[in-house]
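A.B. asks:
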Amino acid sequence: MTDIGLEAIVSTAGLAPPRRGRSIRRLFRHRSFVIGFVIIVVLALAAIFAPLLTPLDPSAMKVRFRFRSPASDFIFGTDMFGRDIFTRVLYGARVSLFVGLAVSVISGFCGAVLGVVAAQFRKLDAPIMRLMDALMSFPAILLALGIAAALGPRVSSVIAALTVAYVPAGVRIVRAAALVVRELDYVQAARLSGASALRIIVRHILPNCFSPLLVHLTFIFAYAILAEAALSFLGVGVQPPLASWGNIIAEGRDYATEAWWVMLFPGIAISLAALGMNLLGDALRDVLDPRLKGGD
Amino acid sequence: MLNLAQGNFGSSLILNQSVLSAVGERLPVTLSLAALSIAVTIPVGVFLGSLAAYYRQSWIDAGVMTFALLGVSIPAFWIAILGIILFSVHLGWVPSSGFTPISQGVGPWLSSVILPALILSLFQIGFLARMTRSAMLDVMGQDFIRTARAKGLSEWRTVSKHALRNALILIITATGILLSTAIGGSVVIEQVFALPGIGRMVVQAILARDYPLVQGTMLIFGFTFVLINLIVDVLYTLADPRVRHD
Chain Z
52 MTDIGLEAIV
62 STAGLAPPRR
72 GRSIRRLFRH
82 RSFVIGFVII
92 VVLALAAIFA
102 PLLTPLDPSA
112 MKVRFRFRSP
122 ASDFIFGTDM
132 FGRDIFTRVL
142 YGARVSLFVG
152 LAVSVISGFC
162 GAVLGVVAAQ
172 FRKLDAPIMR
182 LMDALMSFPA
192 ILLALGIAAA
202 LGPRVSSVIA
212 ALTVAYVPAG
222 VRIVRAAALV
232 VRELDYVQAA
242 RLSGASALRI
252 IVRHILPNCF
262 SPLLVHLTFI
272 FAYAILAEAA
282 LSFLGVGVQP
292 PLASWGNIIA
302 EGRDYATEAW
312 WVMLFPGIAI
322 SLAALGMNLL
332 GDALRDVLDP
342 RLKGGD
Chain X
39 MLNLAQGNFG
49 SSLILNQSVL
59 SAVGERLPVT
69 LSLAALSIAV
79 TIPVGVFLGS
89 LAAYYRQSWI
99 DAGVMTFALL
109 GVSIPAFWIA
119 ILGIILFSVH
129 LGWVPSSGFT
139 PISQGVGPWL
149 SSVILPALIL
159 SLFQIGFLAR
169 MTRSAMLDVM
179 GQDFIRTARA
189 KGLSEWRTVS
199 KHALRNALIL
209 IITATGILLS
219 TAIGGSVVIE
229 QVFALPGIGR
239 MVVQAILARD
249 YPLVQGTMLI
259 FGFTFVLINL
269 IVDVLYTLAD
279 PRVRHD
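If you want it as structure tokens, here you go:
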């Protein structure tokens with residue numbers, strides 16, 4: 052769960068700016084991409100349209116219906132308070148996927164900024180990278196656990212904690228890519244012809260860092276979903292009664308032998324979401340990284 | 039700082055003991071878990087990854103990669119609960135919680151940590167197999183592998199001596215990462231199996247707002263990971279003489 056960087060570092064070689072139209076067509080011919088894409092789209096739609104898919108309230112307790120096993124009335128069964136698990140998993144998807152999306156977007160943005168700054172400005176390189184090394188010396192889950200606990204159990208602190216834990220790998224990837232690009236002839240030519248540092252960064256360096264970063268962030272999305280679930284399971288993440296996949300499992304754990312369905316379905320949801328993002332990441336890496344073309 | 043230099047990491051608020059002795063007391067549990075899971079992960083992960091690379095595009099490759107993908111996608115704490123239900127509650131093969139020190143016999147010790155260690159390994163095997171496969175694919179496509187085959191070396195020698203040896207750098211890097219994920223993962227796994235290890239202590243300390251204990255333990259973790267990284271760097275030079283001249 053820690054230095055996810057490595058899987059994607061492999062792909063920093065894919066620096067050639069891909070021709071967009073062709074890449075997208077190739078992606079949709081890639082089996083992993085199609086499977087991952089379908090899984091993620093279905094889960095995202097389920098999260099967005101949760102109120103339309105279920106008439107029930109995720110936190111409405113009906114003690115009369117406690118521990119109903121999965122049947123026609125409650126397709127995923129009910130928990131110890133008589134809450135419908137299907138409804139809770141749908142609403143939990145909103146929290147879990149939002150955390151995943153927020154963490155990958157924010158850590159991607161921070162990673163891009165810090166990575167480019169470290170590569171472009173020699174004086175800032177050492178301080179930034181040593182700070183990242185320090186953050187990376189802890190397993191991400193442990194770092195996130197400490198930060199989330201210090202900030203208090205809220206969705207926003209989970210996002211902040213996971214972002215801090217996952218930024219360093221992104222910074223490394225962007226910096227590595229930017230260091231290669233800045234020495235390329237056409238970037239040197241731009242510099243000699245008087246382009247400003249900002250223009251070089253925005254026009255030349257950032258676009259070239261985009262594909263390795265995108266691959267990396269896809270994996271971060273998967274790791275963030277797993278980590279959010281783990282944090283919520285440990286009690287420092289999303290707090291009940293707000294449903295997240297992790298805390299539904301935590302609540303269902305004590306009854307796991309009698310009411311296995313409470314913890315079974317959110318676990319399947321987490322696995323599917325992480326699986327979908329990992330498949331997308333694999334496919335993106337195959338398509339965007341010309342070096343591995345022969346491999347698969 | 040002076041206290042720190044003298045090995046004093048402060049005292050816990052809830053445990054009525056110093057951080058160092060609290061960590062020391064729980065170290066065997068976390069160490070057993072991490073060591074056992076790494077001992078399973080490295081041979082299995084490298085073997086599966088090499089197998090998939092060697093038989094790429096075959097059903098073996100597809101099977102191994104599907105397994106590896108599931109390993110990195112399924113949350114460990116969830117599969118741990120399912121594992122307890124199956125192996126402890128229904129089959130009764132292993133105790134569902136608690137730790138037996140190795141001093142009370144290898145059998146009881148093994149049965150108390152084998153299930154959590156294997157579950158910890160699932161993610162790790164998946165991770166290592168994926169890394170090994172891509173490293174091996176990279177190496178197997180190179181000219182010197184064709185040369186090795188052309189000069190009549192057996193397939194076994196080609197793969198084990200030439201290919202695997204060159205993929206070793208990436209595998210060592212992965213192993214360094216695995217050590218830190220093993221410790222990170224043990225935080226969650228210890229909680230599920232009620233193993234009295236360092237990870238469980240940290241979670242309890244955080245929930246009880248015992249900041250000296252959290253701080254002291256994190257500091258000790260920090261030192262440990264710096265040490266792991268150092269060992270990994272030294273191993274690089276052993277695995278690949280080219281690194282030595284840098």
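Here the protein sequences come in this chain order: Z and X.
Note that this note's numbering has the first sequence beginning at 52, numbered continuously upward.
Note that this note's numbering has the second sequence beginning at 39, numbered continuously upward.
Note that beta-carbon positions come from the ideal geometry of N, C-alpha and C, so glycine has one too.
Here the structure is a predicted model, which means the values were calculated and not measured.
Using only the alpha-carbon positions, how far apart do M328(Z) and K189(X) sit?
C.D. replies: Their backbone Cα atoms lie some 44 Å apart in a straight line.
A.B. asks: If you run the structure through DSSP and keep just helix, strand and coil, what is T211(X)?
C.D. replies: Three-state DSSP puts T211(X) in a helix.
A.B. asks: Compute the Euclidean distance between the alpha carbons of G222(X) and F172(Z), then round it to the nearest angstrom.
C.D. replies: 34 Å
A.B. asks: Check the C-beta distance from V167(X) over to I209(X) and give it rounded, since I have them as a contact under 8 Å.
C.D. replies: In the sequence as presented, Val is not what sits at residue 167(X); that position holds Ala. No, A167(X) and I209(X) are not in contact; Cβ-Cβ is about 11 Å, not under 8 Å.
A.B. asks: Please classify A59(Z): does DSSP put it in a helix, a strand, or coil?
C.D. replies: Bear in mind that the predicted position of A59(Z) carries a pLDDT of just 45, short of 50, making it unreliable; the figure below should be weighed with that in mind. A59(Z) falls in the helix class under three-state DSSP.
A.B. asks: Nearest chain X C-beta to S120(Z) closer than 9 Å, yes or no?
C.D. replies: no
A.B. asks: Starting from the beta carbon of M256(X), find every residue of chain Z whose beta carbon is closer than 8 Å, and list them in chain order.
C.D. replies: F189, L193 and G197
A.B. asks: I think L233(X) touches L71(X), with their Cβ atoms under 8 Å apart; what is that distance to the nearest whole Å?
C.D. replies: 7 Å
A.B. asks: Which value, in whole angstroms, describes the spacing of the CA atoms of G83(X) and G133(Z)?
C.D. replies: Going from the Cα of G83(X) to the Cα of G133(Z) covers about 43 Å.
A.B. asks: May I have the straight-line CA-CA distance separating R250(Z) from D184(Z), to the nearest angstrom?
C.D. replies: Roughly 29 Å between the two C-alpha positions.
A.B. asks: Who are the neighbours of V110(X) on chain Z, taking C-beta pairs under 7 Å?
C.D. replies: By Cβ distance, chain Z contributes N329.
A.B. asks: Tell whether a beta-carbon distance below 9 Å holds between S159(X) and T79(X).
C.D. replies: Yes. Within cutoff.
A.B. asks: Rounding to the nearest angstrom, what Cα-Cα distance links G121(X) and L108(X) in this structure?
C.D. replies: 16 Å
A.B. asks: Taking F270(Z) as the reference, give the member of P106(Z), V167(Z) and G151(Z) with the closest Cα.
C.D. replies: G151(Z)
A.B. asks: Smallest Cα separation from P106(Z): which of D135(Z), A273(Z), D333(Z) and L96(Z)?
C.D. replies: D135(Z)
A.B. asks: Return helix, strand or coil for I108(Z), following the three-state DSSP convention.
C.D. replies: The sequence as given places Asp at residue 108(Z); Ile does not occur at that position. If DSSP states are grouped into helix, strand and coil, D108(Z) belongs with coil.
A.B. asks: What residues match up with D135(Z) in a beta bridge as DSSP calls it?
C.D. replies: T129(Z)
A.B. asks: Are the beta-carbon atoms belonging to I76(X) and A220(X) less than 9 Å from one another?
C.D. replies: yes
A.B. asks: F284(Z) touches chain X at which residues, Cβ-Cβ below 9 Å?
C.D. replies: P113, F115, W116, V226, Q229 and V230
A.B. asks: Tell me whether L343(Z) is buried or exposed, calling it buried when 16 or more other Cβ atoms sit within 10 Å of its Cβ.
C.D. replies: Residue placement at L343(Z) cannot be trusted, given a pLDDT of 49 that sits under 50; what the coordinates show is reported in the next sentence. So L343(Z) counts as buried.
A.B. asks: Which residue marks the beginning of the alpha helix (DSSP H) containing P219(Z), and which one marks its end?
C.D. replies: V206 to R233
A.B. asks: For the alpha helix (DSSP H) that T275(X) lies in, which residues bound it at each end?
C.D. replies: Taken as a continuous stretch (DSSP letters only), the alpha helix (DSSP H) holding T275(X) covers Y249 to A277.
A.B. asks: Give the secondary structure of S126(X) by DSSP, where H, G and I count as helix, E and B as strand, and everything else as coil.
C.D. replies: When DSSP states are grouped into helix, strand and coil, S126(X) belongs to the helix group.
A.B. asks: Starting from the C-beta of S208(Z), find all residues in its chain whose C-beta is less than 7 Å away, skip the five residues before and the five after it, and write them out in chain order.
C.D. replies: A199 and L202
A.B. asks: Is S247(Z) buried or exposed, if buried means 16 or more other CB atoms sit within 10 Å of its CB?
C.D. replies: exposed
A.B. asks: What is the rounded straight-line gap between the Cα of L69(X) and the Cα of A98(Z)?
C.D. replies: 40 Å
A.B. asks: Measuring only the C-alpha atoms, how far is V222(Z) from L196(Z)?
C.D. replies: 21 Å
A.B. asks: Using only alpha-carbon positions, find the residue among T170(X), F105(X) and S224(X) that is nearest to I152(X).
C.D. replies: The candidate whose alpha carbon is nearest that of I152(X) is S224(X).
A.B. asks: Roughly how many angstroms lie between the CA atoms of A243(X) and P204(Z), to the nearest whole one?
C.D. replies: 15 Å
A.B. asks: Would you call the CB atoms of F316(Z) and N298(Z) closer than 9 Å?
C.D. replies: No. Outside cutoff.
A.B. asks: Are the region 184-203 of chain X and the region 268-275 of chain X touching, with three or more C-beta to C-beta distances below 8 Å?
C.D. replies: By the Cβ criterion, the region 184-203 of chain X is not in contact with the region 268-275 of chain X, since fewer than three pairs of Cβ atoms, one from each stretch, lie closer than 8 Å.
A.B. asks: With DSSP run on the structure shown, which of helix, strand or coil describes S49(X)?
C.D. replies: strand
A.B. asks: Could you tell me which residues DSSP pairs with S56(X) in its beta bridges?
C.D. replies: Answer by DSSP bridge pairing, in chain order: S49(X).
A.B. asks: So, with DSSP's three-state summary, where would you put S147(Z)?
C.D. replies: helix
A.B. asks: Nearest-angstrom Cα distance between L165(Z) and V253(Z)?
C.D. replies: 14 Å
A.B. asks: What residue does the alpha helix (DSSP H) around A248(Z) start on, and which one ends it?
C.D. replies: A248 to I251
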